């Protein structure tokens, strides 16, 4: 049985080095009227990992960006709480993925 390939996105780090991430899912939050993307590193070996680090970003569709969208950091604690709640709800059945509630993975 073949695993379904997730869509991938390249995100540069603070030093300008590109890293490949798999898009786990996207969602909208009505209260913020914004869209969010949850990704995980596609570069790390995941076979025997018990926990997978995930990251969340706000995103907007953009015809000017090569990927078709632009990513933005989530900046307010209130916004993070809503995003973490949505991530926890969506990942509730998948016990291999956890959100670092202290480290705001963004």
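In our numbering, the protein residues as written are -8 to 97. No residue lacks a Cβ here, since even glycine has one placed at the ideal position from N, Cα and C. In this text, all values refer to a predicted model and were calculated from it rather than measured experimentally.
Per DSSP, the beta bridge partners of residue 19 are 26. Counting other Cβ atoms within 10 Å of its Cβ, residue 49 reaches 16 or more and is therefore classed as buried. Per the coordinates, the alpha-carbon of residue 34 lies some 32 Å from the alpha-carbon of residue 21. Each of 32, 26 and 7 was checked against the Cα of residue 52, and the nearest Cα belongs to 26.
In the structure shown, the three-state DSSP call for residue 78 is helix. Looking only at 72, 69, 32 and 70, the smallest Cα-Cα distance to residue 3 is reached by 32. The residue from 24, 19, -3 and 5 with its alpha-carbon nearest to that of residue 13 is -3.
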